[in-house]
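Protein chains: 6
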Amino acid sequence: MTEKLSHFDAAGQAHMVDVGGKPETHRVAVAAGRIRMKPATFAMVASGTAKKGDVLGIARIAAIQASKRTSDLIPLCHPVPLTSVAVEFTADEAGLSFECRVTVECTARTGVEMEALTAVNVALLTIYDMVKGVDRGMTIGDIRLLEKRGGKSGDFRAS
Amino acid sequence: MTEKLSHFDAAGQAHMVDVGGKPETHRVAVAAGRIRMKPATFAMVASGTAKKGDVLGIARIAAIQASKRTSDLIPLCHPVPLTSVAVEFTADEAGLSFECRVTVECTARTGVEMEALTAVNVALLTIYDMVKGVDRGMTIGDIRLLEKRGGKSGDFRAS
Amino acid sequence: MTEKLSHFDAAGQAHMVDVGGKPETHRVAVAAGRIRMKPATFAMVASGTAKKGDVLGIARIAAIQASKRTSDLIPLCHPVPLTSVAVEFTADEAGLSFECRVTVECTARTGVEMEALTAVNVALLTIYDMVKGVDRGMTIGDIRLLEKRGGKSGDFRAS
Amino acid sequence: MTEKLSHFDAAGQAHMVDVGGKPETHRVAVAAGRIRMKPATFAMVASGTAKKGDVLGIARIAAIQASKRTSDLIPLCHPVPLTSVAVEFTADEAGLSFECRVTVECTARTGVEMEALTAVNVALLTIYDMVKGVDRGMTIGDIRLLEKRGGKSGDFRAS
Amino acid sequence: MTEKLSHFDAAGQAHMVDVGGKPETHRVAVAAGRIRMKPATFAMVASGTAKKGDVLGIARIAAIQASKRTSDLIPLCHPVPLTSVAVEFTADEAGLSFECRVTVECTARTGVEMEALTAVNVALLTIYDMVKGVDRGMTIGDIRLLEKRGGKSGDFRAS
Amino acid sequence: MTEKLSHFDAAGQAHMVDVGGKPETHRVAVAAGRIRMKPATFAMVASGTAKKGDVLGIARIAAIQASKRTSDLIPLCHPVPLTSVAVEFTADEAGLSFECRVTVECTARTGVEMEALTAVNVALLTIYDMVKGVDRGMTIGDIRLLEKRGGKSGDFRAS
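Chains as they are written, first to last, in full-length UniProt numbering: chain A, 1 to 159; chain B, 1 to 159; chain C, 1 to 159; chain D, 1 to 159; chain E, 1 to 159; chain F, 1 to 159.
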């Protein structure tokens, strides 16, 4: 059944999939995830400003930088020259969590789902890092692709 | 309240926390997370072998490498010379998911929680990457620190 | 007033500016800077050759490599596939300094000013590193963009 | 005369200096530099906050990350596990400039002057990058080592 | 005579060759190399599987990742967005060696010989690393370009 | 039989070997390799100087930098803070080749064989890169560990 996985050749060995025959098209990927924490921790992060503890601002920068490192981190990813990366945080007070949503765009022969997902993960890890001194029990989850446009495999939108 | 976050100085500005006064001690961190997928995808990954589609073997290598890149990815992390990294996958057939658990050790002035968490995230992203061609709806979650030992802030064990 | 800074969105948050709608055009950037040192140090660097102490040759290599790492170092820079990098040093005996001038070219959707400036900085830092054992008081300065061509924001030439 | 440059061996060839015989001692380096700009640009950067255009906050993160990449950028630098990095900006309204001052510490066999200087340079380049859309004529200068403590070559303080 | 080396300018100084005037064309490079070892070591590597000691599978991943790092490692290499990387190992029982053959493709202004050669080298180094505990006398050799297609310098095929 | 390979655990899965229990000792590794070329190419490289075409000087810098990237390139390598790296080239006119010999030292819990071997490989690849325009048929070989000292596995000297 694994022959359906394009990252493996006919002999089942990993390779970087040949995308040379694909046209360069505009591609967009949107991914999201969230980090849950204790009420006091949530309040602390939510109150951050540039003057005092801008946790989300730093996580945003880490996410943008990570999107550019994706092909270094994920073994079979193609290097892709990104044209746009945007990172948005939403405070979910009821859920005691922050959602991170990243939109990545490029004009390339392959998509940028992994770049969006990697940026989300590193954003959430960066929040964890800065806040772990007061709350080691935070959990990261709900990481998923929300949307993908462009490319011949067709568009995708999470149900 | 943010003055409790050690990654920010008295003026609220980010810094790399001074750990120079701490002794080098043996430190261990264990983190885990999981990726959920459709039944057919789960079967495909579970049946992988070196001969045909060894998804988990590749994710393990990506995780070990990512642990070494942690201070490059997480802005305020200290560079730490790791002495041991182990990555374990468990197939959860009932939950249609694979759990990844990473144990990192070092002898250093600061802990390796972020190294363990980063390795877990990159392992799960690598699985996503290799399988996304057949299942874009996979979700990554339950990422958390399970255990931390060594260092003056005391041991931690997830409840 | 900050709404004029394109690296921030309408809400004032940093993002990697969307250049996806721009055409790929030929772009050139020229930057320069200099390092000033004591007379004896100046003489030492000026006399370097491949056979003995080629400080400038090593700084040139460091500069070329740094130009390729620009998007890794500068958080909001786009990755750009450079097509040409040239590094030139001029000894200014009267000013007891070495000037470094870097010209970078590409065919891309965005310019290469930062690549040229980053290469200049790393060249000068590399000189500092190799000579600091005999002169810790060197100063680096006059780092500026000399020229920029290509792209819709128009050409620029330092006055 | 170049035989005085420790980065070259007796034959004048570059090498990474042997520091294996030195003891691990506590080391501190402080470096500084500044970026000059037009009055309107100065006002724009000075008014930034986490809510809107936090140029200095982003430059601070870039500086901390760059300090960790120093041995990657400067060919003959030893890799050093940093224990502390602090980045401070001072607005100089009269001089229409921002000064960046970076203090780096470690316990190692060699000093961290290059780490402090590299962080300063990348901080100033990051400011340039974010503001260049409105002011391409900014200049970076006055980059110098202010202070160095620890290690057998003795302490240094800029005159 | 060195004026024939395009990586040096008219003054004999290194530069990143200007490829801006070349068209983007499809390019392929194939390189190979081998590692020779003792009979017992050969048997050990040959018997590896995903379930137990998959040396070659890990070397393959390292090779693919290294191909993407080539312009970081080789000072004057242009960054090239690879479109395909395939790594093949052949066990040569008579020669007590494993041959690694790597094929890299791109659509770019310059070729990918260095990417293929770098991947081969890192594959063989990775095998050495994993097996060195039982055989430090292994040798790596026969590293050469087998074939190159695309680009105006014409095709090449090793004789 | 693979249970003898320490890079795999009891289940045959790759891990970064635990060296936490080993003492930090002084370690030295010496590796070598060579690149063979046509007579005209050999003459060209041999005649290089800082003033014109310093191929070997550039390869030396690339080698030193690569030694510091080893744990990034070789998946299961530990990060090691190197204390000394020296690169030596010998022209072998009879053999129409250049030999590269690299000596790496550290005080660490694990050895630096891979750092020395990686530096040799990248030195030779860098020569290939700069000369390939006139000689694509060069071959790289004889890459081997010459010597290793320090550590409990005992000293090694190639026979």
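Built from N, CA and C at the ideal position, the CB exists for glycine as well.
Small disclaimer: the values here were computed from a predicted structure and weren't measured.
Bounds of any beta strand (DSSP E) do not take in residue 8/F, whose DSSP letter is neither H nor E. In the DSSP assignment, residue 131/A falls outside any beta strand (DSSP E) and within the unbroken alpha helix (DSSP H) covering 113 to 131. In the structure shown, residue 148/E adopts extended strand secondary structure according to DSSP, grouped into three states. Per DSSP, residue 92/B lies in no alpha helix (DSSP H) segment; the continuous beta strand (DSSP E) that holds it begins and ends at 82 to 92. For the segment 54 to 84 of chain F, the set of residues with a beta-carbon nearer than 8 Å to any beta-carbon of chain E comprises 54, 55, 58, 61, 62, 65, 66, 69, 72, 73, 74, 75, 76, 77, in chain order. With its beta carbon at least 7 Å from every one in chain C, residue 104/D lies outside the interface. Rounded to whole angstroms, residue 110/A and residue 130/E show a C-alpha spacing of 33 Å. One finds 57, 60, 61, 64, 87 in chain C with Cβ atoms closer than 9 Å to the Cβ of residue 14/E, taken in chain order.
For the set 59/B, 67/B, 120/B, the Cα lying nearest the Cα of residue 141/B is the one of 120/B. In the displayed model, residue 142/A falls within a strand according to three-state DSSP.
Around the C-beta of residue 92/E, fewer than 16 other C-beta atoms lie within 10 Å, and the residue is accordingly described as exposed. Per DSSP, residue 57/C has no beta-bridge partner at all. If you compare the alpha carbons of 68/B, 108/B, 53/B, 79/B with that of residue 74/F, the shortest gap goes to 68/B. In the structure shown, residue 19/E falls within a coil segment according to DSSP collapsed to helix, strand and coil.
Only those residues of the segment 114 to 134 of chain A whose C-beta falls short of 7 Å from the nearest C-beta of chain B are listed: 114, 117, 118, 121, 122, 125, 126, 128, 129, 130, 131, 132, 133, 134.
Boundaries of the alpha helix (DSSP H) around residue 71/C: 70 to 73. Relative to the Cα of residue 113/B, the nearest Cα in the group 6/B, 14/B, 25/B, 31/B belongs to 31/B.
For residue 144/B, the closest of 150/B, 133/B, 138/B, 117/B by C-alpha to C-alpha distance is 117/B. Under a criterion of Cβ atoms nearer than 7 Å, the residues of chain F adjacent to residue 26/B are, in order, 20. Residues 96 of the same chain have their beta carbon placed closer than 6 Å to that of residue 42/B, with the five preceding and five following residues left out of the count. By the Cβ neighbour-count rule, residue 40/C is exposed, with fewer than 16 other Cβ atoms within 10 Å of its own. Cβ neighbours of residue 66/A within its own chain (closer than 6 Å, five residues either side excluded): 118, 119, 122.
Excluding five sequence positions before and after residue 25/E, the CB atoms of its chain that fall closer than 6 Å to its own CB belong to 150, given in chain order. In the DSSP annotation of this structure, the continuous segment of the alpha helix (DSSP H) that includes residue 41/C starts and ends at 39 to 46. Taking CB atoms only, residue 41/C has no neighbour in chain E less than 7 Å away. Rounded to whole angstroms, the gap between the alpha carbons of residue 155/D and residue 148/D is 5 Å. A direct Cα-Cα distance of roughly 30 Å separates residue 106/D from residue 115/C. Close CB contacts of residue 55/B within its chain, under the 7 Å cut and outside five residues either way in sequence, are with 45, 48, 127, 130, 131 (chain order).
Annotation for residue 82/C: 67, 68, 104, 105, 106, 112, 115 place their beta carbon closer than 8 Å to its own, counting only its chain and skipping 5 residues before and after. In this structure, residue 98/E places its C-beta atom within 7 Å of the C-beta atom of residue 35/E. Within a 10 Å sphere around the beta-carbon of residue 23/F sit fewer than 16 other beta-carbons, which makes this residue exposed. Chain order gives the chain C residues near residue 8/D as 48, 52, 53, 54, 55, 130, where near means a beta carbon separation below 9 Å. A straight-line Cα-Cα distance of about 7 Å links residue 101/C and residue 33/C. Proximity of chain A to residue 109/C at the Cβ level (cut-off 7 Å) is accounted for by 83, in chain order. Within chain B, the residues whose beta carbon sits less than 9 Å from that of residue 142/A are 139, 140, 141, listed in sequence order.
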